[in-house]
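Trainee: Protein chains in written order, with my numbering: chain W, 2 to 265; chain A, 1312 to 1648.
Here a beta-carbon is modelled for each residue, glycine too, at the ideal position from N, C-alpha and C.
Here you go, one structure.
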Amino acid sequence: MVALARRVALDADFGAAVDLRAIDHGFDLHGAYLPVLEDVSFGIPAGQFVALLGPSGCGKSTLLRLVAGLERPRHGDLLVDGEEVRGPDPSRVLMFQDPTLYPWRTVWRNAALGLEARGLLKEQRHRVDQALALVGLNKFAQAFPHQLSGGMAQRASLARALVNDPRLLILDEPLGKLDSLTRLAMQGELTRLWQARGFTVLMVTHDVEEALLLSNRVIVVSDRPARVRADLAVDLPYPRHRDHPELLRLRREALGLLGLGQDW
Amino acid sequence: MTVLAETAPRVAETGAHRSGGDRLANSLRLPVAAGLLWLGVAGVILAVPDAQELERTSLLGVLAIVVGAAQLGVAALSWVTAHAARLARFAPWLIVLALFVGVWEALTAKLDVLPLPFFPSPQAFVEVYTDDWRRLGDSLLHSLLLLARGFAVGAAVGFLVGVALGWSRRVGYWIHPVMRLVGPLPATAWLPLAFFIFPTSASASTFLIALATAFPLTVLTWSGVASVQTAYYDVARTLGANERFLILKVAIPAALPHVFVGLFMGLGSSFAVLVVAEMLGVKSGLGWYLQWAQGWAAYANMYGALLVMALMCSALITLLFRVRDRLLAWQKGLLQW
């Protein structure tokens, strides 16, 4: 709690505040309307780490695409810092389950993508080096993506996001495809970066434990169309231990909400 | 290059089992044999009197001596430097070539068994280059210029149309049906019309070569741009990319492997159209030379021109491979040429 309090005090206004108000969204599939999100409302105060937990295929990724501005919701208001989201913006960076690095660019040039797209690369080259150093990839700056392991590729993707100094990091199962050891290491790194930088995080994950280890809040959503089923506060200091009794209690509760209560 | 890379470790492996001198002597056997064989062929060429009336017998003999001496020189230098030893890998080919030239020389110049003018002797073949190099060189230059013009225009148009087709639905609506109908038509089908419509045969053939190049390149570029993962665009868009950036820095680099397949196909069909156009309308170039030589029943000249043409096409394909290897160095497992 002490560490958390200090971070919030340091850059309380750096992270973006997100506000979802009665969001409805869906797709036209073969002429029929398929509702994906129904009356989804929740707010994220600046600097908070929120995990979104739900059955697979329930529309969590769609929700992230809306927050990222890649799609517009059909109904409802989606506000970031009190302003309507009208399109993608480099201050809100989306990170996918796949690293989606460009195979024709070196790690360095991949990380430089955001600066290059905004025409800032010439003045701010050092930020690319900084971001790569932050994720421990500075020695691999000139490597091509196919030469990287899965964890390294995902770290490169993280560097590509961090170069833009995002105020909101939107993570779509970013650690989903990593092996368990790499995953644990990356969870630690993610927490460290979040604490150091003070950005807001909205992360989708399938892993209840990961959600509870990393976030301040776990929002559990229902099967499609997704609705908010529960909003669990995880009021524990970092670094957290997975055997903490409060964590185990929350884990049981979350699994119960996902329909797995009895078996566990 | 692959051959070198593959043989190097193999040599090192066998070397561990044998003594150094033995290994060297073994690797020298083939170059020495090739050298002696070429000297033998030179002996036959120079010593045995010609049964046909020929002018360049002594030059051919000297050439064979040079090839043989070069092989022996390589073998001798192998004692000194490893670079020369690498040249030894051509030895098996040179042995086969020596046998081929020897038999060819015997059956034509020396014994006069094969009928003329269809089977000219090796010295007649050499004579094409010594006596007609000016005309041949001029033809090669004209072919290259025509090809370069047509290929450049076709590649530029094909690439741009392909990108536009892959990017914009509206462009697709108008261009796609035209492509479907006209694209598969062989460019040579336009030949009579093109020579009629265009003011000069040069511009007509440029158009035809461009057409032959453009179609495969358009289709491949289009499919390349259309098959770019949408996640690549999403990434760039969230990082602040505009449409120009998405096309130039995402769509085109991602489509480049397809584009090169299209360029190879386009280059291949441009060769075909070049030769046909030169045979039928253009009054210069290697295609025209072939036609002209046939008119004189100068078969040696035809073979000579065919060899030049083969070297030209092969060199251009090699050049394209080099460019591709440079630009697509990020790809794994590229086909080696």
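(1) So is Leu-194 (chain W) in contact with chain A if we call contact Cβ pairs under 8 Å?
(2) Could you check if Leu-249 (chain W) is buried or exposed, using at least 16 other CB atoms within 10 Å of its CB as the buried criterion?
(3) Does the beta-carbon of Asn-165 (chain W) have 16 or more other beta-carbons within 10 angstroms, so that it is buried, or is it exposed?
(4) Output the distance between the C-alpha atoms of Gly-83 (chain W) and Arg-198 (chain W), rounded to the nearest integer angstrom.
(5) Out of A:Val-1572, A:Val-1437, A:Leu-1347, A:Arg-1367, state which residue places its alpha-carbon closest to the alpha-carbon of Val-1407 (chain A).
(6) In terms of alpha-carbon separation, which member of A:Gly-1461, A:Asp-1443, A:Gly-1596 lies closest to Asp-1586 (chain A)?
(7) Roughly how many whole angstroms lie between the Cα atoms of Ser-62 (chain W) and Asp-173 (chain W)?
(8) Is the beta carbon of Leu-53 (chain W) less than 8 Å from the beta carbon of Leu-71 (chain W)?
(9) Let me see if you follow: with CB-CB separation under 8 Å, is Phe-1556 (chain A) close to chain W or not?
(10) Count the CB pairs spanning the region 101–115 of chain W and the region 141–161 of chain W that are closer than 8 Å, and state whether there are at least three.
(11) In this structure, how does DSSP classify Tyr-34 (chain W) when only helix, strand and coil are distinguished?
(12) Applying the criterion that 16 or more other CB atoms from any shown protein chain within 10 Å of the CB defines a buried residue, is Glu-124 (chain W) buried or exposed?
(13) Would you kindly check if the distance between the Cβ of Val-1482 (chain A) and the Cβ of Ala-1475 (chain A) is under 8 Å?
(14) Thinking C-beta only, is Trp-1349 (chain A) closer than 8 Å to Leu-1405 (chain A)?
(15) State the start and end residues of the unbroken alpha helix (DSSP H) segment that holds Val-1530 (chain A).
(16) Are the region 1570–1577 of chain A and the region 132–151 of chain W touching, with three or more C-beta to C-beta distances below 8 Å?
(17) Under 9 Å between beta-carbons, which chain W residues line up against Leu-1405 (chain A)? List them in chain order, please.
(18) Hey, is the region 1522–1532 of chain A in contact with the region 1548–1557 of chain A, meaning 3+ C-beta pairs nearer than 8 Å?
(19) Mind checking who Gly-27 (chain W) pairs with in its DSSP beta bridge?
(20) Determine, using beta carbons only, whether Ala-17 (chain W) and Thr-201 (chain W) come nearer to each other than 8 Å.
(21) For Ala-1552 (chain A), does the three-state DSSP call read helix, strand or coil?
(22) Quick check on this structure: which residue in A:Val-1355, A:Leu-1365, A:Leu-1504 has the alpha carbon closest to the alpha carbon of Gly-1372 (chain A)?
(23) How would you label Pro-1320 (chain A), buried or exposed, when you count the other beta carbons within 10 angstroms and need 16 or more for buried?
(24) How would you label Leu-103 (chain W), buried or exposed, when you count the other beta carbons within 10 angstroms and need 16 or more for buried?
(25) What residues in its chain sit with their C-beta under 6 Å from that of Asn-1612 (chain A), if we drop five residues either side in the sequence?
(26) Count the other CB atoms within 10 Å of the CB of Glu-247 (chain W); is the residue buried (16 or more) or exposed (fewer)?
(27) Nearest-angstrom Cα distance between Leu-179 (chain W) and His-207 (chain W)?
(28) Please list the residues of the region 1551–1575 of chain A that have a C-beta atom closer than 8 Å to any C-beta atom in chain W, keeping them in chain order.
(29) For Ala-212 (chain W), which residues of its own chain have a beta-carbon under 6 Å away from its beta-carbon, when the five flanking residues on both sides are left out?
(30) Pull out every residue of the region 1528–1548 of chain A whose Cβ sits closer than 8 Å to any Cβ of chain W, in chain order.
(31) When you compare the CB of Ala-1316 (chain A) with every CB in chain W, is at least one pair closer than 8 Å?
(32) Is the Cβ of Trp-1603 (chain A) closer than 8 Å to any Cβ of chain W?
(33) Three or more C-beta pairs under 8 Å: does that hold for the region 84–95 of chain W against the region 27–35 of chain W?
(34) Suppose the cutoff is 7 Å on Cβ atoms and the five residues either side in sequence are ignored; what does the same chain contact list for Phe-1470 (chain A) look like?
(35) Give, in chain order, every residue of the region 1468–1480 of chain A whose Cβ lies closer than 8 Å to some Cβ of chain W.
(36) Three-state secondary structure (DSSP) at Val-1359 (chain A)?
Mentor: Taking the definition as stated:
(1) Taking CB atoms only, Leu-194 (chain W) has no neighbour in chain A less than 8 Å away.
(2) By the 10 Å Cβ count, Leu-249 (chain W) comes out exposed.
(3) It is buried - the Cβ of Asn-165 (chain W) has at least 16 other Cβ atoms within 10 Å.
(4) For Gly-83 (chain W) and Arg-198 (chain W), the distance between alpha carbons rounds to 21 Å.
(5) Among A:Val-1572, A:Val-1437, A:Leu-1347, A:Arg-1367, the Cα nearest to that of Val-1407 (chain A) belongs to A:Leu-1347.
(6) Here residue 1586 (chain A) is Val; the residue named in the question, Asp, does not match the sequence. Cα-wise, what sits closest to Val-1586 (chain A) is A:Gly-1596.
(7) Looking at the two C-alpha atoms, the distance is approximately 6 Å.
(8) It is not a contact, given that the beta carbons lie outside the stated cut-off.
(9) By the rule that beta-carbons nearer than 8 Å mark a contact, Phe-1556 (chain A) touches chain W.
(10) Short answer: they touch.
(11) Three-state DSSP puts Tyr-34 (chain W) in a strand.
(12) Label assigned to Glu-124 (chain W): exposed.
(13) Their beta carbons are under 8 Å apart, which means Ala-1475 (chain A) touches Val-1482 (chain A) by this criterion.
(14) Going by C-beta atoms, Leu-1405 (chain A) is nearer than 8 Å to Trp-1349 (chain A).
(15) It spans 1512–1537 - the alpha helix (DSSP H) in which Val-1530 (chain A) sits, taken as one unbroken run.
(16) These segments do not touch.
(17) The premise fails here: Leu-1405 (chain A) is roughly 40 Å from chain W at the closest Cβ pair, so nothing lies under 9 Å.
(18) The region 1522–1532 of chain A and the region 1548–1557 of chain A do not touch, with fewer than 3 CB-CB distances between them shorter than 8 Å.
(19) Looking at the DSSP assignment, Gly-27 (chain W) forms a beta bridge with W:Pro-36.
(20) Yes, Cβ-Cβ distance for Ala-17 (chain W) and Thr-201 (chain W) is below 8 Å.
(21) The three-state secondary structure of Ala-1552 (chain A), taken from DSSP, is coil.
(22) Checking every option, the nearest Cα to that of Gly-1372 (chain A) belongs to A:Val-1355.
(23) Model confidence at Pro-1320 (chain A) stands at a pLDDT of 44, short of 50, so the residue's coordinates are unreliable; what they give is reported in the following sentence. Here Pro-1320 (chain A) is exposed: its Cβ has fewer than 16 other Cβ atoms, across all protein chains shown, within 10 Å.
(24) Inspection of the sequence shows that residue 103 (chain W) is occupied by Tyr rather than by Leu. Buried: at least 16 other Cβ atoms inside 10 Å.
(25) Counting only Cβ-Cβ distances below 6 Å, and skipping sequence neighbours, we find Val-1439, Ala-1604.
(26) Glu-247 (chain W) counts as exposed, since fewer than 16 other C-beta atoms from the protein chains shown sit within 10 angstroms of its C-beta.
(27) In this model, Leu-179 (chain W) and His-207 (chain W) are separated by some 13 Å (Cα to Cα).
(28) Those residues of the region 1551–1575 of chain A placed with their C-beta closer than 8 Å to a C-beta in chain W are Gly-1551, Ala-1552, Asn-1553, Phe-1556, Lys-1560, Val-1561, Pro-1564, Ala-1565, Leu-1567, ordered along the chain.
(29) If we look at Ala-212 (chain W) and ignore the five residues flanking it on each side, its Cβ neighbours are Ala-52, Leu-54, Thr-206, Val-219.
(30) Under the 8 Å Cβ criterion, the region 1528–1548 of chain A contributes Gln-1540, Ala-1542, Tyr-1543, Asp-1545, Val-1546, Ala-1547, Arg-1548.
(31) Unreliable placement is indicated for Ala-1316 (chain A), whose pLDDT of 43 sits below 50; no coordinate value is reported for it.
(32) Taking Cβ atoms only, chain W never reaches closer than 8 Å to Trp-1603 (chain A), which makes this a no.
(33) Result no; under three Cβ-Cβ pairs closer than 8 Å.
(34) Cβ within range, chain order: Leu-1528, Thr-1532, Val-1570.
(35) Residues of the region 1468–1480 of chain A with a Cβ closer than 8 Å to any Cβ of chain W: none.
(36) Note: Val-1359 (chain A) maps to coil in three-state DSSP.
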